[in-house]
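The sequence shown lines up with residues 1 to 202 when you count with our numbering. First comes the structure, then the notes that go with it.
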Amino acid sequence: MLGTFWYIFLKDNKTTTATFVKSGETKPVAVEETKTLATEYFTIKLPVTWENNGKKNPLATQVFYEFQDKKKNNDGRFLKVFVDVIPTDYPVDQVLTVYNDGRRLIPGQFSDDCASFNGAPKYNASNDANKTWLTSWQGIPFYCDIGNTWSQIGVVSKEGGYVQAMEGPKKEKHNFFFVYSDQNIRKKDKIFSDAINSFQPL
């Protein structure tokens, strides 16, 4: 029998999706199971092995919720969701563009590593001024992290740059900024774009 059949099972805010394709024989292709994680400001869907590490306030200019993959050998994956207190000069290595309609975010494209952009300065460990570089991608300015080996991806939009102003069903307005880092050998940037697509302000 030809065709593709989808089976979706929903239980306790967890979603498991499997795809069955008939080509000689039926083989299931598993899609990563996710769960919804909630804070007082938003909900977001991440793989079931992820957990909320809580609210962090390391600097006066930074307040964020930190999420981490707790699976063995995958625990080098982190997602920071900044709320209202946002560093507008936060250096990142790549950006993910989004369209922000004020209630949800629609992911666009990932940039290349900004250190490979035309005109990027060469990293000089003895020169602090050389470690970040103001550049842009698709007309959206951001700060490029030239010297950091901890690779990070930030969300940007034409509507607000780093700052995503959003309103949820409670009619409360908040500003959000998102940073994803993946230090595993097999990087999964799609985790980030899927999470952004699921993001809901409260």
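The C-beta atom is built at its ideal place from N, Cα and C for all residues, glycine as well.
How many angstroms separate the CA atom of residue i from the CA atom of residue j?
i	j	result
Ala125	Gly119	18 Å
Val163	Gly147	24 Å
Pro58	Val85	11 Å
Ser193	Tyr99	12 Å
Pro47	Glu32	7 Å
Thr34	Lys45	6 Å
Gly76	Ser151	11 Å
Asp89	Thr61	10 Å
Ile106	Asn130	33 Å
Ser136	Asn127	22 Å
Leu37	Phe67	9 Å
Lys122	Tyr41	40 Å
Suppose the cutoff is 7 Å on Cβ atoms and the five residues either side in sequence are ignored; what does the same chain contact list for residue i look like?
i	result
Thr97	Gly108, Gln109, Gln138, Ile140, Val156, Ser157
Glu167	Gly102, Arg103, Lys173, Pro201
Report buried or exposed for residue i, applying the criterion of at least 16 other Cβ atoms within 10 angstroms of its Cβ.
i	result
Asp112	exposed
Trp133	buried
Ala195	buried
Pro91	buried
Gly154	buried
With a threshold of 6 Å (Cβ to nearest heavy atom), would residue i be considered close to the ligand NAD?
i	result
Phe199	Summarising the ligand content, the structure contains no ligands, and the ligand NAD is consequently not present.
From which residue to which residue does the alpha helix (DSSP H) around residue i run?
i	result
Lys122	Note, Lys122: premise wrong, no alpha helix (DSSP H); not H, not E.
Ile146	No alpha helix (DSSP H) contains Ile146, which DSSP labels as neither H nor E.
Could you check where the beta strand (DSSP E) with residue i kicks off and where it finishes?
i	result
Ala195	Ala195 -> not in any beta strand (DSSP E); alpha helix (DSSP H) instead, spanning 189 to 198.
Thr135	132 to 137
Arg210	Residue 210 falls outside the range modelled here, since the chain spans only 1 to 202, and no answer is possible.
Excluding five sequence neighbours on each side, which residues of the same chain lie with their C-beta closer than 8 Å to the C-beta of residue i?
i	result
Tyr73	Tyr is not the amino acid found at residue 73; the sequence shown has Asn there. Excluding sequence neighbours, Asn73 sits near Asn184.
Lys188	Arg77, Asp182
Asp221	Lying before the first or after the last residue shown, residue 221 is absent from the chain, which here runs from 1 to 202.
Return the chain-ordered list of same chain residues with a C-beta closer than 6 Å to the C-beta of residue i, the five sequence neighbours on each side being excluded.
i	result
Ala115	Ile146
Asn87	The displayed chain sequence assigns Pro, not Asn, to residue 87. Taken in chain order, the residues that qualify are Thr61, Gln62.
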